[in-house]
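The structure under discussion appears below in the form of structure tokens.
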Amino acid sequence: MSDIFLRSFPTDSERQKRVGHFFEKSLLPSLSKSDSDFFDLEIGCGHGHWLTEYSTSNKQLFCVGIDLITKRITKATAKKEKRCLDNLFFYKAEAQEFVSLIPKPIQIRNTFIMFPDPWPKKRHHKRRIIQQDFLSLLHSRTIENGTFFFRTDHEPYFEWTVEKISQSSFWKTSEVAFPLEHNSYFQELLPDFKTTCASPVH
Ligand SMILES: C[S@@+](CC[C@H](N)C(=O)[O-])C[C@H]1O[C@@H](n2cnc3c(N)ncnc32)[C@H](O)[C@@H]1O
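See the structure below:
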């Protein structure tokens, strides 16, 4: 995260308070107005190309896109505002932190991770977002008939993810169709990719 951001929110508890504020003041009031208690989440949404299209085609759903990079969230928010999408939120946040702070009354339905940073060097594999702890955390915040979608152009990361899912006692590979084919920024640049998806085990 950027230095300015870390200077403004230097401790874990200040960052957690900030994310808590997003749920309390933005997402929860919108969900409760619509009598809904779940949302769809895109982790690493970048400039919001894909999620803006998805939420435009699914106005009855609430969608949240998070990313670590402020500029990307600013650009994504401009897209949301241009289209007047009240069901769409973009927020700068780190995935583990954000998911772990989702308040009890609400849960995630679908999670999308598209073209995540592949961290190709072996010594950097621990930085990949797909790890057993993450899958377990995501499961704990996902509704029973939710789905986790993963798409990448990086074959070794694809295999890594398929393996982590098969080793997880919380998820099983499923064959739910990807709900919207529309290029994300990286998909436009990298048309050769693979997709897998998983359903929570209950
Ligand atoms: C390669 S880009 C892909 C962006 C977009 N999904 C697309 O397909 O165009 C990966 C994005 O994930 C974000 N990211 C990486 N680690 C993250 C994390 N732990 N939490 C939230 N976002 C993260 C990066 O900032 C970056 O914007």
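No gaps in the numbering here: position 7 of the sequence shown is 8 in the working numbering, and each next residue is one more.
For every residue, glycine included, the Cβ atom is placed at its ideal position computed from N, Cα and C.
If you drop the 5 nearest sequence neighbours on each side, which residues of the same chain put their C-beta closer than 8 Å to that of C14?
Taking the first residue of the sequence shown as 1, we reach residue 14 at position 13. Cys is not the amino acid found at residue 14; the sequence shown has Ser there. So no residue of the chain qualifies.
Quick one: residues in its chain with C-beta nearer than 8 Å to the C-beta of C64, no 5 flanking neighbours on either side, listed in chain order?
Numbered from its first residue, the sequence shown carries residue 64 at position 63. If we look at C64 and ignore the five residues flanking it on each side, its Cβ neighbours are F40, D41, L42, E43, L52, Y55, S56, N88, L89 and F90.
For Y186, verify whether its CB is less than 8 Å away from any heavy atom of ligand 1.
Position 185 of the sequence shown, counted from the first residue, corresponds to residue 186. Annotation for Y186 indicates a beta carbon within 8 Å of some heavy atom of ligand 1.
Tell me whether W172 counts as near ligand 1, meaning its Cβ is closer than 8 Å to at least one heavy atom of that ligand.
Position 171 of the sequence shown, counting from 1, holds the residue named residue 172. No, Cβ of W172 sits at least 8 Å from all heavy atoms of ligand 1.
Roughly how many angstroms lie between the CA atoms of L191 and C46, to the nearest whole one?
Along the sequence shown, read from residue 1 onward, the residue named residue 191 stands at position 190. Along the sequence shown, read from residue 1 onward, the residue named residue 46 stands at position 45. The alpha-carbon atoms of L191 and C46 are separated by roughly 16 Å.
In the DSSP assignment, what are the bridge partners of W172?
For this step, residue 172 is matched to residue 171 along the sequence shown. Note: W172 is bridge-paired with P201 in the DSSP secondary-structure output.
Pull up the CB-CB distance for P119 and I130, whole angstroms please, since I reckon it's below 8 Å.
Locating residue 119 in the sequence shown gives position 118, counting from the first residue. Locating residue 130 in the sequence shown gives position 129, counting from the first residue. No, P119 and I130 are not in contact; Cβ-Cβ is about 10 Å, not under 8 Å.
Assign K93 to one of two classes, buried (16 or more other C-beta atoms within 10 Å of its C-beta) or exposed (fewer than that).
Along the sequence shown, read from residue 1 onward, the residue named residue 93 stands at position 92. By the neighbour-count rule (16 or more Cβ atoms within 10 Å), K93 is buried.
Beta carbon of L29 nearer than 9 Å to that of P104
As a working note, residue 29 is residue 28 in the sequence shown. As a working note, residue 104 is residue 103 in the sequence shown. Cβ atoms of L29 and P104: closer than 9 Å.
Exposure of D134, with buried meaning 16 or more beta-carbon neighbours within 10 Å:
As a position in the sequence shown, residue 134 is number 133, starting the count at 1. Exposed, by the Cβ-count rule.
Put D38 into one of helix, strand or coil per three-state DSSP.
In the sequence shown, residue 38 corresponds to position 37, counting from 1. D38 falls in the coil class under three-state DSSP.
Hey, would you say K148 sits closer than 9 Å to A199, going by beta carbons?
As a position in the sequence shown, residue 148 is number 147, starting the count at 1. As a position in the sequence shown, residue 199 is number 198, starting the count at 1. Per the sequence shown, residue 148 should be read as Thr rather than Lys. Cβ atoms of T148 and A199: closer than 9 Å.
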